[in-house]
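First the structure, in the form of structure tokens, and then the observations on it.
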Amino acid sequence: MAEPTVLATDPSPGVRLLTMNRPEKRNAFDHRLYCDLRDALRAARGDDDVHVVVLTGAGRGFSAGQDFAEMSAPPDGEPHGFPSFLDTLCEFDKPLLAAVNGAGSGLGLTMLLHCDVVYMAESARLRCPFVTLGVVPEAASSFLLPLVVGFQRAAEILYTAEWIDSARAVELGLARLRLPDAELLPATLARAAEIAAHPPRAVRHTKQLLLATRADAVRAARAREDAAFAERLGSPENVEAITAFFEKRAPDFSRTR
Amino acid sequence: MAEPTVLATDPSPGVRLLTMNRPEKRNAFDHRLYCDLRDALRAARGDDDVHVVVLTGAGRGFSAGQDFAEMSAPPDGEPHGFPSFLDTLCEFDKPLLAAVNGAGSGLGLTMLLHCDVVYMAESARLRCPFVTLGVVPEAASSFLLPLVVGFQRAAEILYTAEWIDSARAVELGLARLRLPDAELLPATLARAAEIAAHPPRAVRHTKQLLLATRADAVRAARAREDAAFAERLGSPENVEAITAFFEKRAPDFSRTR
Amino acid sequence: MAEPTVLATDPSPGVRLLTMNRPEKRNAFDHRLYCDLRDALRAARGDDDVHVVVLTGAGRGFSAGQDFAEMSAPPDGEPHGFPSFLDTLCEFDKPLLAAVNGAGSGLGLTMLLHCDVVYMAESARLRCPFVTLGVVPEAASSFLLPLVVGFQRAAEILYTAEWIDSARAVELGLARLRLPDAELLPATLARAAEIAAHPPRAVRHTKQLLLATRADAVRAARAREDAAFAERLGSPENVEAITAFFEKRAPDFSRTR
Chain A
1199 MAEPTVLATD
1209 PSPGVRLLTM
1219 NRPEKRNAFD
1229 HRLYCDLRDA
1239 LRAARGDDDV
1249 HVVVLTGAGR
1259 GFSAGQDFAE
1269 MSAPPDGEPH
1279 GFPSFLDTLC
1289 EFDKPLLAAV
1299 NGAGSGLGLT
1309 MLLHCDVVYM
1319 AESARLRCPF
1329 VTLGVVPEAA
1339 SSFLLPLVVG
1349 FQRAAEILYT
1359 AEWIDSARAV
1369 ELGLARLRLP
1379 DAELLPATLA
1389 RAAEIAAHPP
1399 RAVRHTKQLL
1409 LATRADAVRA
1419 ARAREDAAFA
1429 ERLGSPENVE
1439 AITAFFEKRA
1449 PDFSRTR
Chain B
1199 MAEPTVLATD
1209 PSPGVRLLTM
1219 NRPEKRNAFD
1229 HRLYCDLRDA
1239 LRAARGDDDV
1249 HVVVLTGAGR
1259 GFSAGQDFAE
1269 MSAPPDGEPH
1279 GFPSFLDTLC
1289 EFDKPLLAAV
1299 NGAGSGLGLT
1309 MLLHCDVVYM
1319 AESARLRCPF
1329 VTLGVVPEAA
1339 SSFLLPLVVG
1349 FQRAAEILYT
1359 AEWIDSARAV
1369 ELGLARLRLP
1379 DAELLPATLA
1389 RAAEIAAHPP
1399 RAVRHTKQLL
1409 LATRADAVRA
1419 ARAREDAAFA
1429 ERLGSPENVE
1439 AITAFFEKRA
1449 PDFSRTR
Chain C
1199 MAEPTVLATD
1209 PSPGVRLLTM
1219 NRPEKRNAFD
1229 HRLYCDLRDA
1239 LRAARGDDDV
1249 HVVVLTGAGR
1259 GFSAGQDFAE
1269 MSAPPDGEPH
1279 GFPSFLDTLC
1289 EFDKPLLAAV
1299 NGAGSGLGLT
1309 MLLHCDVVYM
1319 AESARLRCPF
1329 VTLGVVPEAA
1339 SSFLLPLVVG
1349 FQRAAEILYT
1359 AEWIDSARAV
1369 ELGLARLRLP
1379 DAELLPATLA
1389 RAAEIAAHPP
1399 RAVRHTKQLL
1409 LATRADAVRA
1419 ARAREDAAFA
1429 ERLGSPENVE
1439 AITAFFEKRA
1449 PDFSRTR
């Protein structure tokens, strides 16, 4: 039996901790991780004893985004886990906190745009490497990133693919707080426990109202992104970037997504 | 004859000052205050000699929001003042400044999201206590609060119901400036006078353009909030919170909304 | 043959520099500058060797906005250059950087809301003087200015027509960086070169996605602004402001728009 790709525990009443668990791949997403994290979120949503969810990563990284090195295809007839994972994330209607323990790249950054409160380890950093791979942003980030950090800063982040350290992430509003690495998870869990202590149905209803204000725009952005991504995939720029990647077999690949 | 719940004066040419005047209730809104402030705003809107309006509160508080202790019902056949007050506030098309002289809770915070310039006394503070009462945000704040302070910070403010002091309010963009308590009103009136000195029809047309960019979203958010509020009212969480309140008869009730 | 109103050069691979060239008018827009800058942007958009465009101004100013002093009308039958210039600017789908070398007033500020990255000389400053002229904002700024700087700060900028210095512009998010005057253009061109080095089709597709998230709102805002402007033009407030301007022949006119 393989190691589970998502670890679920309940560290305090009302709080569910989900840990992405592919540390040797810096928690890059293959088909199985998409499906397992999607299912873990669905289980948390359906469980009345879970009021708040905290996401983190095992090992040194938070998430390296899409795993190119191991393009594990779905079994015959099964749809890929990516779209249904995103649907579940976009519609998750209980407070979702993130403890960003290490590098987040691609989806490892854009998934944070769907979290309510993001705490970040001082050593962690974030990046949107889409253009360097000849592709485009995903997860509604073409809409949500400008909303969170402003149009100019979103444009710069997306056009340059530069790394964003934790101090800059807080300044930009991508994260709420940065903490010494050892204090990250305890602090995030403590915040989660505070929120979980409030009337859970009123909190959930409040989050539903917050999501409703942007649901249509998120849906429209994802549709545009999916169409653009399909057009970019296999384009000369994309083929060249992927070829260069595999030729180089860069040891830090999982950090550049 | 009862003391008026709204005091109206014209301290300088073109400037109308409206003071919420239930200081013993920290300017909590009962039916009468809703109606009187609505009527005062309508009168200011219809008066060509009024170019700018400044809102403040009498006594120690700005506004404690909905008054639970004195649920003064409308006379027979008269609709409650809350929705028509909000309509008037959302559509107010002359510059509206706020001098936040003390605590603003619930509507005492969310009404600021409809003001153009907010100045705040150093000792003042703000809070969204909705979840602690088992209910949800109102006054389009599920849309406007994320717009003003960002999604993550709005989520935290709404989920935790924490007090926001004046320094943090400025940092978040809820207020433009904080001032020593004694300088608050003079400074706000001076700013109002500067704006009132510009061509008033062009200024009013400018505000109409600013409101138009968000009018549909404000309307949609209010409709969703009203539906959610109706569902929450009388729910076990809400009944428990209200019961606890009246059993405790907390002396600082009006500050927790 | 007249001096060209727009100078175009390619200082490094993939980078096109466009310099507004009416220095004696502080690059105020007459019909010809609208048309020439529009055509230069269209040429840059259509040229596959151009990946990034940088806008700047010749002489001491960036742009004084609409030129009232020289209301050069289009030749018979030719439509005015303003709307088609704005169409081109709003839809420009390659990264557009601005090097704000001096004062930007009216359109000299609002055109920056359509740029991806704005660098500003320390001595430069910006202003929205619309209300002082009895008119209203343009170029979708009634939507984009609140989006960039927040509703309260946009209201204050538009109602008071105050000058914004470069430090405040960075604080507000109108500009990304301020630089010593002599370093402005080299720094902006260096940033442009960095962006131009990334796969250009992926970058362009990314910008198309960013523009798509706001295209409808930009179009709607422009329609409302155009209607409001038509109503304000020739109004008593507008006539009085323009008359005062020409009677005074203020030597610094081009800086007040």
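Top line first, the protein sequences correspond to chains A, B and C. So in the numbering used here, spot 244 of the first sequence is number 1442, and the numbers just go up one at a time. So in the numbering used here, spot 197 of the second sequence is number 1395, and the numbers just go up one at a time. So in the numbering used here, spot 246 of the third sequence is number 1444, and the numbers just go up one at a time. Idealized CB from N, CA, C, for every residue including glycine. Just so we're clear, the structure is a prediction, and the values are computed from it rather than from any experiment.
Mind checking who residue i pairs with in its DSSP beta bridge?
i, result
"A1296/A", "L1253/A, V1316/A"
"Q1406/C", "Partner(s): none; Q1406/C has no beta bridge."
"I1362/A", "L1324/A"
"A1206/A", "L1216/A"
"L1387/A", "For L1387/A, which the question treats as bridged, DSSP gives no partner whatsoever."
"F1227/A", "Q1264/A"
"G1192/C", "Nothing about residue 1192/C can be read from this structure; chain C reaches only from 1199 to 1455."
Rounded to whole angstroms, what is the Cα-Cα separation between residue i and residue j?
i, j, result
"P1211/A", "V1248/A", "8 Å"
"E1369/C", "V1316/C", "13 Å"
"E1222/B", "G1257/B", "8 Å"
"I1440/C", "L1331/C", "7 Å"
"A1338/A", "R1417/A", "7 Å"
"D1245/B", "L1382/A", "56 Å"
"P1273/B", "T1286/B", "21 Å"
"P1202/C", "D1234/C", "8 Å"
"L1372/A", "K1446/C", "50 Å"
"A1319/B", "A1296/B", "11 Å"
"E1354/C", "F1280/A", "44 Å"
"L1408/B", "D1314/B", "10 Å"
"E1392/C", "Y1232/C", "29 Å"
"V1346/C", "F1427/B", "32 Å"
"Q1406/C", "A1352/B", "29 Å"
"F1283/C", "R1236/C", "5 Å"
"R1243/B", "V1437/C", "25 Å"
"R1402/B", "L1387/B", "18 Å"
"F1444/A", "L1375/A", "36 Å"
Shorter than 7 Å from the beta carbon of residue i to some beta carbon of chain B?
i, result
"D1314/A", "yes"
"G1371/A", "yes"
"V1334/C", "yes"
"L1408/C", "no"
"T1441/A", "no"
"P1397/A", "yes"
Taking 7 Å as the CB-CB limit, is residue i close to chain A?
i, result
"I1362/C", "no"
"T1404/C", "yes"
"S1340/B", "yes"
"R1374/C", "yes"
"A1322/C", "no"
"A1388/B", "no"
Which same chain residues, not among the five before or five after residue i, have their C-beta less than 6 Å away from its C-beta?
i, result
"A1322/A", "V1298, G1300, S1364"
"L1215/B", "T1207, P1209, V1252"
"L1342/C", "L1311"
"A1394/B", "G1212, V1213, H1249, V1250"
"F1290/B", "L1239"
"G1255/B", "M1218, N1225, S1261, N1299"
What is the residue span of the alpha helix (DSSP H) that residue i lies within?
i, result
"T1286/A", "1279-1288"
"V1248/A", "Unbroken run through V1248/A: none, as it is neither H nor E."
"F1266/C", "Per DSSP, F1266/C belongs to no alpha helix (DSSP H) and is neither H nor E."
"P1335/A", "Run containing P1335/A: none; DSSP gives neither H nor E here."
"V1346/A", "1339-1347"
"V1437/A", "1434-1446"
Closer than 7 Å by C-beta to residue i: which residues in its own chain qualify, once you throw out the five before and the five after it? Chain order, please.
i, result
"A1385/C", "Y1317, L1377"
"A1419/A", "A1338, S1340, F1341"
Could you confirm whether any beta carbon from chain C is found closer than 7 Å to the beta carbon of residue i?
i, result
"Q1264/A", "no"
"A1365/A", "no"
"R1422/A", "yes"
"P1434/B", "no"
"G1348/A", "yes"
Between which two residues does the beta strand (DSSP E) holding residue i run?
i, result
"D1424/A", "No beta strand (DSSP E) holds D1424/A; the alpha helix (DSSP H) holding it covers 1413-1430."
"T1217/B", "1213-1218"
"L1375/B", "1375-1377"
Output needed for residue i: all residues of its chain with C-beta closer than 8 Å, excluding positions within five of it in sequence on either side, in chain order.
i, result
"S1433/C", "G1332"
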